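Peer 1:
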Amino acid sequence: MSRGTQWLWPAAALVYAFLYIPLAIVVIYSFNDSRLNAEWAGFTLSWYKALFNNTEMLTAARNSLVIALSASFSATVLGTMAGLAIHRYKLKVLPVLVFTPVAMPEILLGVSLLLFFLQVLNLTLGMISIIIAHTTFCIGFVAIIVRARLQGMDESIFEAARDLGASPWQTFRLVTLPLIMPAVVAGALMSFTLSIDDFVITFFTKGVGEPILPIQIYTMIKVAVTPEVNAISTLLMLLTLIMIIIAAKIEARAAAGTGAVSRNEAGQ
Amino acid sequence: MMQAFSLMIKTAPRRNTNENRIARFLVSGPPMLFLVVFFAAPSLIMILTSFRFPGEFGGLAPIAAPGEAAHGEYGLTAEAYQFFFSDIIYAEIFLKSFGVASATTLICLIMAYPLALLIARSEKRFRNFLVLLVVLPFASNFLIRIYAWMIILGPESALSHFINATLGAFGIAPVTLLFSPFAVLVGMVYVHLPFMVLPLYTNLEKHDPSLLDAAQDLGATAWQRFWRVTWPLSLPGVFSGSALVFIPVLGMFAVPDILGGTGDILIGNLIKDQFLGTRDWPFGSALSIMLTLAVLSVAGLATWFARSAIGQRT
Amino acid sequence: MPLLPFILLLAWFVSLTAGCARQDENAGSPTSGNVLHLFNWNNYIAPETVARFEKFCNCRLSQDYYSDNEEMLAKLAAGATGYDLIVPTGNAVDTLIRQGALMPLDKSLLPDLGNINPAYLDTPFDPGNRYSVPYAYTLTLLGFNQEKIKELDLPVDTWAIIFEPKYLKKIKGRVTVLDSQRELMAAALKYLGYSVNDADEEHWKQATDLIVRAKPYWAAFSNTSYIKELAVGNLWVAHGYSNDMFQAALDAKNTGRKFTIGYSMPKEGTVLSLDSMVLHKSGSRPDLAHQFINFMLDGKNSAELTNLIGSGNPNLDAMQYIRPEIAENKAIFPDAESLSRLEMLRDLDRKQRRLLSRLWTEIKLR
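Protein chains in written order, with our numbering: chain C, 13 to 280; chain F, 32 to 345; chain X, 23 to 388.
1) Roughly how many angstroms lie between the CA atoms of LEU126/F and GLN203/X, to the nearest whole one?
2) Find out if the Cβ-Cβ distance for the pair SER295/X, ALA353/X is shorter than 8 Å.
3) In the segment 195-220 of chain F, which residues sit with their C-beta less than 8 Å from some C-beta in chain X, listed in chain order?
4) For the ligand GTP, any of its heavy atoms closer than 7 Å to the Cβ of ASP309/X?
5) With 8 Å as the threshold, decide whether the Cβ of ALA94/C is near any Cβ in chain F.
6) Between the segment 134-141 of chain X and the segment 289-306 of chain X, do at least 3 Cβ pairs fall closer than 8 Å?
7) Considering Cα atoms alone, identify which of LEU310/X, LEU327/X, ASP357/X is closest to CYS79/X.
8) Can you tell me where the alpha helix (DSSP H) holding ARG55/F begins and where it ends?
9) Listing by chain order, which chain C residues have their CB less than 9 Å from the CB of VAL67/F?
10) May I ask you to list the residues that DSSP assigns as paired with ILE283/X?
11) Please name the residue in ILE119/C, GLY95/C, PHE170/C whose C-alpha comes closest to that of ILE156/C.
12) Is THR214/C close to chain X? Criterion is C-beta to C-beta, closer than 8 Å.
13) Determine, using beta carbons only, whether TRP59/C and ALA243/C come nearer to each other than 8 Å.
14) Using beta-carbon positions only, say whether SER203/C and VAL154/C come within less than 8 Å of one another.
15) Considering MET299/X, what are the terminal residues of the beta strand (DSSP E) in which it resides?
16) When the Cα of HIS99/C is compared with those of ILE119/C, PRO113/C, MET165/C, VAL114/C, which residue comes out closest?
17) For a contact defined as C-beta to C-beta under 8 Å, what are the partners of SER316/F on chain C?
18) Our contact map puts ILE40/C next to LEU90/C with C-beta atoms below 8 Å; I'd like the distance itself, whole angstroms only.
19) Would the segment 255-270 of chain F count as touching the segment 221-232 of chain F if we require 3 or more Cβ pairs under 8 Å?
20) Counting Cβ pairs, one atom from each stretch, are 3 or more of them under 8 Å apart for the segment 166-183 of chain F and the segment 331-340 of chain F?
21) Would you list the one or two residues that DSSP bridges to ALA242/X?
22) Just list the residues that DSSP pairs SER84/X with in beta bridges.
23) By how many angstroms is the C-alpha of HIS302/X removed from the C-alpha of ALA214/F?
24) At the level of alpha carbons, what is the spacing between LEU332/F and LEU324/F?
25) List, in chain order, every chain X residue whose beta-carbon is nearer than 9 Å to that of THR309/F.
26) Counting only Cβ-Cβ distances shorter than 7 Å, please list the residues of the segment 127-144 of chain C near chain X, keeping chain order.
27) On the three-state DSSP scale, how would you describe HIS99/C?
28) Below 8 Å on C-beta distance, what does GLY292/F contact in chain X?
29) Taking the beta carbon of TYR32/C as the centre, do at least 16 other beta carbons fall within 10 Å, making it buried, or is it exposed?
30) Return the CA-CA distance between ASP118/F and LYS373/X, expressed in angstroms with no decimal places.
31) Output needed for THR180/X: all residues of its chain with C-beta closer than 7 Å, excluding positions within five of it in sequence on either side, in chain order.
32) For the beta strand (DSSP E) that contains TYR343/X, what are its first and last residues?
33) Would you mind stating whether LEU132/X and LEU319/X have Cβ atoms separated by less than 8 Å?
34) Report the three-state DSSP secondary structure of PHE30/C (helix, strand or coil).
35) Taking Cβ-Cβ distances below 8 Å as the criterion, which residues of the segment 56-73 of chain C are in contact with chain F?
36) Cutting at 7 Å between CB atoms, please list the residues of its own chain near GLY291/F, excluding the five before and the five after it.
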């Protein structure tokens, strides 16, 4: 540890506590044998049991999973292409289209897509509308991650491949893709998480009749708060934790492996 | 040796063969098409909608005159914008939203800076883990993070009882923590804190420790070292982080909706209400356009500040 | 690892088709079998009724819910299709008829229509009941903690208790009002002596001023949480719906509270919310829909809801099945004299809606 950091530790610890205590409370009270999130009344798994008997919640979870799989796949494919294109070619329009949805307040995206679906496409709102909406805002995140990885790479390896006679497609398939694979996977996992988690855009583009997980949670919070909300929250946190660990492991393996040729290491 | 080699390759002329042109089209085409259809077009539709009349009983009035006698007006109009400017209350809500966004950004900055500094200055092998610890809460569902504060600030909670007992000891009337501007602020800060930590950390990590060593050798105190070396160098990170917090907060409605009292509505709540309550799409679209303009000006200002601040330092 | 991309592609394809399939299933396509799609309020039909109907018609009742007329209208405007039957409140029926979104009823399929109390037929928005059949109704009124009110000596037969500072200061922080533009405005207009459908801008400004003056004394604007708060004793007065007050009174009694919840209609008059069954033109089973309506016109079925939640019942045949303490409650079943002081809300046109929205923003912000 460098000099002058003694005072940093307590300050940082407080901030970490600020970040984690609320979530810890949610998790702890999901096991609380009491309707109120107030005093501790004993350990129970009854809220989790109630959750699994709640067909609407299960349907919502299933729908959200389907949407997240579809949207993250589409966003990963399109986002990787976008990241590659922006990095390699001097494009004017694409970067704006790709990165603006990331920076805009979500409500603007939600509202404009709602209007577009209804007026121009005359599309009945439903799963498809949500999948399209999620793909739209996830593309930017994937593109950022892929592009960042490409920027950290030594260009010479691509030139070398082409000098050796590889076509652009071969270069991509045999050289580029394996090298950016950790970024692609990270992007896919990020899109999946963002999609499962998304509230605002889903709120505006969902149809009637299909329950979606975040909207279900929102309704439960607004109408009648029971510890079932804590239970579903804990499960969701567990899911994203697993996703992040997987992503971190993949990232670590790629960095340690022989596949990565970073500019830092090459330019010794 | 590798450097020389790569330099040589880089200066070789790029071959603009047909193969390359096709590749470029194939790679940039699909995302371009998708985003033009599902991002650019909807944005234009929103602009168009703000210039239309609302339908008599919901939806929108038609643009072109229908065959038979129409009920109500049709065509394009700036009525929605006139309505916006006709009463000071809408400017007030915008001002209020800006206020909340500024306060949130400032608090996030104050809380995030020590954290980012700590992570940047700790040993390399701990850094990724510490960053992960920051990102992890962010990865949980957004509503859960807000809900957690409903529990903590609720009237039955330990915190409420503690605070009200303390206030009671001084003879002050009990306060409700939840459903108040305070709760909204706490919620906003909580949700956006990681967005401030990450850009700050990314910037601080790149600082050369020898600069601080040199300053210390020249007799600078810890505060002087921070204020005259670390802080100026960290400004680009400060600006990115601030933008990443300020802009989303401007448009947020879920936090005031769940944690706020009835008077704590922000511009996002107003927009949502136009679409899902009052059935006034043109006005909702006009509000959204005004919000977009606000966001663009903030982004533009931030970029200008960042450029001039960095310019001064070099 | 060439296998991995194929697996992913398969997963994506499967999930996409699953998404499309689910969408069709929910939209009520012909492949979904004998299903009646009902779009109804939360908690607005007894489970026994549903079970009995499904046996009766040999079909399945698929339900979707809304908690607000505006929410329902917004969803329909957003292109929600496939609902056979909807149960909107009067002003929303008004809107739907004017939008041309409803299918006319086939009276020949509704022999029990005569069971309905004529006082609730032939409404201004649907003369001759071409589109709607009354289902249930509720009154907007004041609920209160009986003991506290007696102790503080406050009048509960007038809107003054929530608008006049001289009463409000005794119950500051213990009173809530409905978080509804139309309802709160209606209460204020009635108190000022105007009609709930009065759209005069000047009158609306007076009502707004009245509301803004009283607002500092109110604890909150609340649409549902007041039920629990009354029942546990945190609130002493609440502006709300008669069936919610019935619930609060029941809760207080069942949990053995030392107080009772009472509710009464203010003498200046109030809003009557009549919910009716209508057929949406995008529904695919009008036959089943008519069966359901006629089923609910049978007094025994219609009484179940009243006995469950204390809602007003426009069905004369149902009176014999309703528990006496509910049937005699004037706040749930108003007599003819009270009926004359009740008004139903009409829908507003777009200019009025815009103005009301602005006044509401002012009310919230000031």
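We put the CB at the ideal spot given by N, CA and C, even for glycine. Keep in mind it's a predicted model, so treat the numbers as computed, not measured.
Peer 2: Here's the rundown:
1) In the second sequence, counting from the first residue as 1, residue 126/F sits at position 95. In the third sequence, counting from the first residue as 1, residue 203/X sits at position 181. LEU126/F and GLN203/X have their C-alpha atoms some 24 Å from each other.
2) Numbered from its first residue, the third sequence carries residue 295/X at position 273. Numbered from its first residue, the third sequence carries residue 353/X at position 331. Here SER295/X is not near ALA353/X, since their CB atoms are 8 Å or more apart.
3) Listed by position, the residues of the segment 195-220 of chain F near chain X (Cβ gap below 8 Å) are PHE210.
4) For the structure depicted, the ligand GTP is absent and the ligand set is empty, with no information on it obtainable.
5) Working through the first sequence from its first residue, we reach residue 94/C at position 82. So, interface residue.
6) Of all C-beta pairs linking the segment 134-141 of chain X to the segment 289-306 of chain X, fewer than three are shorter than 8 Å, placing the two stretches out of contact.
7) Taking the first residue of the third sequence as 1, we reach residue 79/X at position 57. Selected option, being the one with the closest Cα: LEU310/X.
8) One-based indexing of the second sequence puts residue 55/F at position 24. 49-66 is the span of the alpha helix (DSSP H), which, as asked, contains ARG55/F.
9) For this step, residue 67/F is matched to residue 36 along the second sequence. Within 9 Å of the CB of VAL67/F, the CB atoms of chain C belong to VAL105, LEU109, in sequence order along the chain.
10) The residue labelled residue 283/X in the question sits at position 261 within the third sequence. Note: ILE283/X sits in a beta bridge opposite ASN167/X.
11) Counting from 1 along the first sequence, the entry for residue 156/C is found at position 144. Nearest option by C-alpha distance: GLY95/C.
12) Within the first sequence, the letter at position 202 stands for residue 214/C. Interface criterion not met: the Cβ of THR214/C is under 8 Å from no Cβ in chain X.
13) Here the question's residue 59/C lines up with position 47 in the first sequence. Here the question's residue 243/C lines up with position 231 in the first sequence. The answer is yes: Cβ separation under 8 Å.
14) For the purposes of this step, residue 203/C is identified with residue 191 of the first sequence, where counting begins at 1. For the purposes of this step, residue 154/C is identified with residue 142 of the first sequence, where counting begins at 1. Cβ atoms of SER203/C and VAL154/C: closer than 8 Å.
15) Position 277 of the third sequence, counted from the start, is the residue given in the question as residue 299/X. Segment 292-302, the beta strand (DSSP E) holding MET299/X.
16) What you label residue 99/C is simply residue 87 of the first sequence in a count that begins at 1. Of ILE119/C, PRO113/C, MET165/C, VAL114/C, the residue nearest in Cα terms is MET165/C.
17) In the second sequence, residue 316/F corresponds to position 285, counting from 1. Per Cβ cutoff of 8 Å: VAL123, LEU127.
18) The count along the first sequence starts at 1 and reaches residue 40/C at position 28. The count along the first sequence starts at 1 and reaches residue 90/C at position 78. So it is not a contact: roughly 41 Å between Cβ atoms.
19) Per the Cβ contact rule, the segment 255-270 of chain F is in contact with the segment 221-232 of chain F (3 or more Cβ pairs under 8 Å).
20) No: fewer than three Cβ pairs fall under 8 Å.
21) As a working mapping, residue 242/X is identified with position 220 in the third sequence. ALA242/X is bridged to THR198/X.
22) Sequence index remark: in the third sequence, residue 84/X carries index 62 (1-based). Answer by DSSP bridge pairing, in chain order: HIS59/X.
23) Here the question's residue 214/F lines up with position 183 in the second sequence. Here the question's residue 302/X lines up with position 280 in the third sequence. Rounded to whole angstroms, ALA214/F to HIS302/X spans 42 Å at the Cα level.
24) Numbered from its first residue, the second sequence carries residue 332/F at position 301. Numbered from its first residue, the second sequence carries residue 324/F at position 293. Each residue's alpha carbon lies about 12 Å from the other.
25) The sequence position of residue 309/F within the second sequence is 278, counting from 1. GLU92, GLN203, ARG375, ARG376, LEU378, SER379, TRP382, listed in chain order.
26) Listed in sequence order: LEU130, THR136, LEU137, GLY138, MET139, ILE140, ILE143.
27) Here residue 99/C refers to the residue found at position 87 when the first sequence is read from its first residue. DSSP, reduced to helix, strand and coil, places HIS99/C within a helical segment of the structure shown.
28) The count along the second sequence starts at 1 and reaches residue 292/F at position 261. Taking a Cβ-Cβ cut-off of 8 Å, the neighbours of GLY292/F in chain X comprise ALA242, given in sequence order.
29) As a position in the first sequence, residue 32/C is number 20, starting the count at 1. The residue is exposed, with fewer than 16 neighbouring Cβ atoms inside 10 Å.
30) The residue labelled residue 118/F in the question sits at position 87 within the second sequence. The residue labelled residue 373/X in the question sits at position 351 within the third sequence. Answer to the nearest angstrom: the Cα atoms are 15 Å apart.
31) Position 158 of the third sequence, counting from 1, holds the residue named residue 180/X. Non-local beta-carbon contacts of THR180/X in its own chain, meaning distances under 7 Å to residues more than five positions away in sequence, involve PRO288, LYS289, GLU290 in chain order.
32) Counted from its first residue, the third sequence places residue 343/X at position 321. Counting along the chain, TYR343/X sits inside no beta strand (DSSP E), nor does DSSP assign it H or E at all.
33) The count along the third sequence starts at 1 and reaches residue 132/X at position 110. The count along the third sequence starts at 1 and reaches residue 319/X at position 297. It is a contact, given that the beta carbons lie within the stated cut-off.
34) Counting from 1 along the first sequence, the entry for residue 30/C is found at position 18. Three-state result, PHE30/C: helix.
35) Taking a C-beta cut-off of 8 Å against chain F, none of the residues of the segment 56-73 of chain C qualify.
36) For this step, residue 291/F is matched to residue 260 along the second sequence. Hits under 7 Å: PHE210, ALA214, VAL215.
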